[in-house]
Structure formats: C-alpha cells, structure tokens
Amino acid sequence: MSQITATMAGNVWKVTVKEGDQITEGQEVVILESMKMEIPIEAEVSGKVKTIHKPEGDFVNEGDVLIELED
1 MSQITATMAG NVWKVTVKEG DQITEGQEVV ILESMKMEIP IEAEVSGKVK TIHKPEGDFV
61 NEGDVLIELE D
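Read in the UniProt record's numbering, the sequence shown has 70 at position 70, and its numbers run on one by one without any break.
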C-alpha cells in the first residue's frame, strides 16, 4: 500500500483524480495552495487510487496523507 503525502502545509486547492482511477508515476494528483502559490503534488509510484483522505478545501500539514494507493 502506497501513500501520497503533502510536501508542505496549505489548503487542498484541487484533487485531479478520483477513487478508482489508475494513475502513473509522475502524474499530478493534487494541487495545494500555500502563500498564494500553487504547489502540484505528483505520484511517486503507479497504482490505483483507493482512498482520498483530504478533499478539496481541507487544510493539511506537511506529511499528512492525501491519497492512499493500491499496488
């Protein structure tokens, strides 16, 4: 089971995938907004989106799990 985590604190501005989607390594999956900047979060591994833990509008801290993947 792989996880995609926040690289910094901020608000989840946009989630570009949905549960059940097959994603590839390097694909943009979430965009965070912090200090009026957009920070794209990319998948480090390929897999199927099992759970989206932080929906759009939620605040996250660095290291929070955003998405859980099935291998």
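Built from N, CA and C at the ideal position, the CB exists for glycine as well.
| Does the Cβ of G63 lie closer than 7 Å to at least one heavy atom of the ligand ATP? | Within the structure as shown, the ligand ATP is missing, as the structure has no ligands at all.
| query | Between which two residues does the beta strand (DSSP E) carrying G47 extend? | reply | The residue labelled residue 47 in the question sits at position 47 within the sequence shown. Where G47 is concerned, the enclosing beta strand (DSSP E) stretches over G47 to I52.
| query | Span of the beta strand (DSSP E) holding E3? | reply | Reading the sequence shown from its first residue, position 3 is the one you call residue 3. Correcting the residue type first, residue 3 is Gln in the shown sequence and not Glu. Run containing Q3: S2 to T5, per the beta strand (DSSP E) assignment.
| field | Residue span of the beta strand (DSSP E) that contains N11, given as start and end | value | The count along the sequence shown starts at 1 and reaches residue 11 at position 11. Its beta strand (DSSP E) spans residues G10 to V15.
| In three-state terms, what does DSSP make of E62? | Counting from one through the sequence shown, the residue named residue 62 turns up at place 62. Here E62 sits in coil by DSSP.
| task | Would you list the one or two residues that DSSP bridges to Q22? | result | Position 22 of the sequence shown, counting from 1, holds the residue named residue 22. Answer is K48, bridged to Q22.
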